[in-house]
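Same order as they appear, the protein sequences are chains A and B. Following our numbering, the residues of the first sequence are numbered contiguously, the last one being 637. Following our numbering, the residues of the second sequence are numbered contiguously, the last one being 573. Have a look at the structure below, then the notes.
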Amino acid sequence: MSHGGKNRVIRRALEVIRSFFSTMSMAHRQQVVELTTLEMRELENMFVLLLMGSFTGLPAPPSFISVELMPYLEHELKVVNRRAENSSDALAEMAGFFDVT
Amino acid sequence: MTTLIVLVGVAVYVGLYFTYGRKLETGVVKASNENATPAHRLFDGVDYVPAKTPVLFGHHFASVAGAAPIVGPVLAMAWGWVPALAWIWFGNIFIGAVHDYLSVMASVRYDGRSVQFVASDLITKRTGKLFYYLVFFLLILVVGAFSAVLGGMFVANAAVPSAYIFKIVGALILGVLMYRTKLPFVVSTIIGIIMLIVAIWLGTVAPINLSRNAWFLIMFFYIIIAAAIPVNVLLQPRDYLNSWLLYFGLAIGALAAIFSFQGFTAPAFTSFSPIVSAGKPSPFWPVIPLIIACGSLSGFHALVGSGTTSKQLTSEKAGLPIGYGAMLFEGFLSTVVVIAVAGFGLQLMTDAGQAISAADWGSRYTPAMMATYPSAAMFSNSYAAMVATTWLNFIPRDIVVVIAGMWVASFAMTTLDTTNRLARYTLAELFLPLQTKSEGVYKFFTNRWIASLIPAGIGIWLGWSGSFSMLWPSFGSANQLIASIALLTGTAWVAKRLKTKATIALIPAYLLWITVTAAIIWFSAVVLPTTIANNPATGIVVLVIEIVMLIMNIVFIIDFLKTRNLPAPAETEA
């Protein structure tokens with residue numbers, strides 16, 4: 537193999553090694569971020585309760601403040617809707633979040 | 000021989016991935032990138048988010064690979080290295096990976112819903128409900144089996160618990176660095192890895208020698224506390240460090256196995272029924288799946304695959320490397336374990352004063368292993384001995400033992416404290432019918448602390464009072480039962496929804512169901528009577544769990560057979 541050819545092979549090998557480590561790092565980061573989002577979910581649930589509590593009889597801020605803040609929940613409400621549909625199907629999702637074996 | 004087996008293993012896995020795996024992808028599932036996955040179709044930036052395939056692979060692999068694919072093969076070495084490897088390779092390629100892939104893909108076609116939901120839809124609602132019971136039993140047994148593994152290892156190698164405690168301190172510091180400072184992520188990662196290395200070193204210089212009972216008590220309180228504190232304080236930074244430990248451990252192990260060039264001192268085959276479980280002669284069939292669970296096939300993978308992975312899959316074609324490929328990778332991890340024990344286990348046990356040779360390996364291996372380096376400790380010491388024979392021997396052997404021990408301990412500990420979070424949910428679902436009938440009972444059992452105490456308390460008590468070689472197969476039985484249900488669900492999905500040839504899934508599904516059923520009957524009839532005679536309370540608790548699971552298994556197969564020719568309901572299809 538010529539020198540140029542060898543250099544190309546070494547360069548390619550180094551690229552592969554570099555991409556392996558960067559991918560590994562990304563995978564780890566994603567896993568970490570997922571747990572933060574899980575925690576955030578709980579906080580969001582509380583936020584929703586705070587704003588919508590008056591509808592269910594919970595002590596809550598005055599309705600006009602809730603209504604004013606409500607648009608910030610548009611996306612979350614869609615997610616809440618879907619999650620409500622899937623609420624009895626959360627076992628697998630939890631198994632995915634929390635490594636068991 | 001070590002090198003040869005690694006190379007043959009790689010060739011088998013790569014070869015069958017591109018033949019059998021591809022056949023499954025194109026001939027059965029008919030995966031096509033023209034079908035948008037839920038991650039794109041239902042994108043919400045929260046649950047449904049497409050992930051890069053290699054990243055999702057890493058994530059999925061880290062979720063499915065833990066301590067179980069390491070511990071199981073160590074115990075299975077009693078049959079000799081050929082039967083152990085044969086089950087890892089055969090089970091992995093033809094059952095476990097098929098099971099994982101079908102679970103992921105069925106979930107993808109069901110809008111990311113779980114395999115439990117698919118079972119309710121295609122078989123019966125009762126089948127879906129069974130998952131809660133099986134998972135709850137599995138959680139109790141997994142705490143029992145893993146705490147027994149940890150108790151044995153912590154006493155056998157006092158540097159490991161010490162290093163683990165230092166790692167916990169490091170994880171707490173890392174948590175502060177990541178969330179309370181503005182330090183760049185890369186810098187905190189480097190600091191985290193340095194702290195991990197320091198923790199391992201500190202473990203070797205300051206080992207903590209405590210009794211087995213003391214470790215069980217510590218584990219009990221640890222898992223209750225760890226499950227109650229916010230995830231970003233401990234769980235998250237600790238899991239982040241664990242992932243690095245997993246990849247480095249696997250990389251060092253694979254390199255050592257390739258460059259070791261050692262012969263095997265363990266026999267290729269001992270007998271069909273050597274001593275494995277609780278001092279009893281254990282027949283290879285049907286007992287093997289109870290011993291090698293995760294390295295070959297695991298029911299929990301179906302839940303993980305259909306819980307989070309399927310919601311992040313960017314294309315249907317990415318399902319094969321992730322669903323099928325990650326399972327093969329886990330099988331490779333178990334292959335490395337078999338190589339390490341087959342090459343170096345005998346020397347370790349004879350050096351520790353045990354009278355064992357290749358000739359009497361079948362009858363002496365399990366008692367000698369349990370007396371010297373119980374379960375995971377056998378792996379960590381064989382692994383270190385293997386590394387010491389290669390150019391990697393610049394890493395001190397004591398350190399390598401702790402690295403391997405920490406690898407197993409970290410994943411086993413993670414399992415122990417995360418089971419509580421899952422148990423709370425399963426208990427809430429199981430007791431739901433009581434919510435209106437008896438609110439007080441419902442509230443009591445779903446209370447955060449009570450729900451945590453039940454699996455932790457029963458599990459730790461089982462681990463403390465029962466023998467490891469009895470508890471491990473009981474954990475395997477619950478795990479394999481879930482796998483059996485998930486694989487039959489996958490088969491129902493192929494036959495009813497895809498309407499392609501389901502034989503590729505049906506044959507392993509029936510084989511698994513028959514094997515697991517026979518194994519549970521054998522375990523309950525042969526192993527548990529001895530346990531009950533020696534330790535009535537422990538034996539009876541395990542027996543009750545096994546019998547209930549067996550009944551559920553029979554109910555399940557009846558439901559499956561009754562509904563097998565019925566068409567799938569149309570309205571629930573994604």
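Ideal placement from N, C-alpha and C gives every residue a C-beta, glycine not left out. In this text the structure is predicted, and so the values were computed from the model without any measurement.
Note on B/R125: under 16 other CB atoms within 10 angstroms of its CB, so exposed under the neighbour-count rule. Around the beta carbon of B/I557, fewer than 16 other beta carbons lie within 10 angstroms, which makes this residue exposed. Proximity of chain A to B/R363 at the Cβ level (cut-off 9 Å) is not reached, the minimal Cβ distance being about 29 Å. Close CB contacts of B/F271 within its chain, under the 7 Å cut and outside five residues either way in sequence, are with P282 and F283 (chain order). Excluding sequence positions up to five before and after B/S187, its CB lies within less than 6 Å of the CB of L176 and M177, all in the same chain and listed in chain order.
As computed with DSSP, B/K279 is found in a beta bridge with B/S276. Taking a Cβ-Cβ threshold of 8 Å, the residues of chain B close to A/E575 are P229, V230 and N231, in chain order. Proximity of B/V114 to chain A, defined by a Cβ-Cβ separation below 9 Å, is satisfied.
B/D238 counts as buried, since at least 16 other C-beta atoms from the protein chains shown sit within 10 angstroms of its C-beta. At a C-beta separation below 9 Å, B/Y163 has no neighbours in chain A, since its nearest C-beta there lies roughly 16 Å away. Contact annotation: B/I164 and B/V399 have beta-carbon atoms that are not nearer than 9 Å. Counting only Cβ-Cβ distances below 9 Å, A/R565 has contacts in chain B at V54, F184, T188 and Y239, in chain order. Of all residues in the stretch 537-562 of chain A, only S555, F556, T559, M560, S561 and M562 come within less than 9 Å of chain B when Cβ atoms are compared, listed by chain position.
Judged by their CB atoms, B/M377 and B/V337 are not nearer to each other than the 9 Å cut-off.
Between the stretch 113-121 of chain B and the stretch 298-310 of chain B there are three or more C-beta pairs closer than 8 Å, enough to call the two in contact. In the DSSP assignment, B/Q115 falls within the alpha helix (DSSP H) that extends over V114 to L121. In terms of Cβ geometry, B/G322 and B/A96 form a close pair [threshold 9 Å]. Annotation note: the stretch 166-220 of chain B contains the following uninterrupted alpha helix (DSSP H) runs of length 4 or greater, listed N- to C-terminal: 184-204.
A Cβ-Cβ distance of about 6 Å is found for the pair B/A226 and B/S451, placing them in contact under the 8 Å criterion. Distance from B/A67 to B/S314 at the Cβ level is roughly 30 Å; contact not present, criterion being Cβ atoms closer than 8 Å. With contacts defined as CB atoms closer than 9 Å, B/L327 and B/L15 qualify as a contacting pair. Of all residues in the stretch 11-25 of chain B, none comes within less than 9 Å of chain A when Cβ atoms are compared.
Ranked by Cα distance from A/S561, the options B/G57, B/V286 and B/A277 are led by B/G57. Of all residues in the stretch 610-633 of chain A, the ones placed with a Cβ closer than 9 Å to any Cβ belonging to chain B are H611, E612, K614, V615, R618, R619, N622, S624, D625, A626, L627, A628, E629, M630, A631, G632 and F633, in chain order.
For A/E604, no Cβ of chain B is located within less than 9 Å of the residue's own Cβ. Distance between B/T388 and B/I506, taken at the CA atoms: about 43 Å. Under the three-state reduction of DSSP output, B/M368 falls in the helix class. Close to B/V45, with beta-carbon spacing below 8 Å, are these residues of chain A in chain order: T573, R577 and V615. For B/R563, no alpha helix (DSSP H) segment is defined, and its DSSP state is neither H nor E. Between the alpha carbons of B/F467 and A/V615 lies a gap of roughly 44 Å. In its chain, beyond the 5 residues on either side, L594 have a beta carbon closer than 7 Å to the beta carbon of A/L585. By the Cβ neighbour-count rule, A/M576 is exposed, with fewer than 16 other Cβ atoms within 10 Å of its own. Rounded to the nearest whole angstrom, the CA to CA distance from B/I94 to B/A301 is 12 Å. Those residues of the stretch 531-560 of chain B placed with their C-beta closer than 7 Å to a C-beta in chain A do not exist.
Around B/T307, the beta-carbon contacts reaching into chain A at under 7 Å are E629, G632 and F633. The Cβ-Cβ distance between B/L254 and B/L391 falls below 9 Å.
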